[in-house]
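Heads up, the sequence shown is in full-length UniProt numbering, so the first residue is 1 and it goes up one at a time.
Reviewing the structure listed below.
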Amino acid sequence: MTLPRAAGYARLTHIRATKPEEIAEAAARRQRRGLPGEGERLLIIAADHPARGALAVRDRPLAMASRADLLGRLQTALARPGVDGILAAPDVLEDLLLLGALEGKLAFGSMNRGGLQGSVFELDDRFTGFDAAAIDTMRLDGGKMLCRIDPGDHATVATLESCARAVTDLARRRLVAMVEPFWSLRSETGAVRNDLSPDAVIRAISVAQALGVTSAYTWLKIPAVAEMERVMAATTLPALLLGGDPPDIDAAYADWDRALGLPGVRGLVVGRALLYPPDDDVATAVDGAAALVREVRA
């Protein structure tokens, strides 16, 4: 892919150093759009991985380390037809606001990034990003939270309580709470692994959809796994399929295609798989995902 001009991103640093108020001004004037109507699906680009120290893509441990490169890829993705919006941490969203890349797009703020990848406190998913008040003030469309549930880790109950509070706070402002639940466990080496069996995903959904004083504004962000018909039968909430970092992108597209036909599945939230495809052709990867999402089904 063609890398962005360095001069364009030097301007971001200049604004941040001399006129930081321009971020709030850009948020206030941003042209917004609505949530999908009947029969419509969404394609959201995810870019909140760096905030949790997760910079790797496949065999490239620092693939997401360059902010200019990441922003260039995001601008390419957001400019493609059929892309509805972005999910990101505050720093990335602010850069995109200043670049004018979020006009007419949905924007979701990532809320809890404290469970740093590979840390001893990884499952203590503290809320270190957006809160509901900031999401409302910046005129974003909702907030996303990671909710990993490990019955063997005492930190899980604090995560559940924090997520429930965030769901409640967002709902009181009539903003979407995008909850990403996993049934998780630690291996003998201490690494956190998400159980992607259908039973485990169903169990995680069952807990996540009951968080907060109301689920009226709650959406789920879940993986496309085996037996998705049975998985989606576990909820009446809208669901978006996450992308992850699949080793086989063709298999991932096939999984998304099958799951998108199910009632309740409202689209995709994909980051690394589209932003860092094996051939580095971001536009083509995004166009392929958009075609899946927009495909008319009987």
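Using N, Cα and C, we set each Cβ at its ideal position, and we do this for glycine too.
In this chain, V57 is not harboured by any alpha helix (DSSP H), its DSSP state being neither H nor E.
The Cβ-Cβ distance between F121 and G115 falls below 8 Å. For D95, the enclosing alpha helix (DSSP H) has its first and last residue at 90–98. Take the alpha-carbon of G100 and the one of R29: they are about 10 Å apart. Inclusion of V282 and L292 in the CB contact set at 8 Å is not warranted, their separation being larger than that value. Fully contained in the region 82–165 are the following beta strand (DSSP E) runs of length 3 or more, in chain order: 85–88, 106–110, 142–149.
Taking H49 as reference, the option from R67, L42, R41 with the minimal CA-CA separation is R67.
Here E180 is buried: its Cβ has 16 or more other Cβ atoms, across all protein chains shown, within 10 Å. With 16 or more other Cβ atoms inside 10 Å of its own Cβ, P277 counts as buried. Taking C-beta atoms as the reference points, G190 and Q117 fail to come closer than 8 Å. Rounded to the nearest whole angstrom, the C-alpha separation of D95 and H14 is 12 Å. Residue range 176–186 is occupied by the beta strand (DSSP E) that includes E180. With the rule of 3 Cβ pairs closer than 8 Å, the region 259–270 counts as touching the region 216–228.
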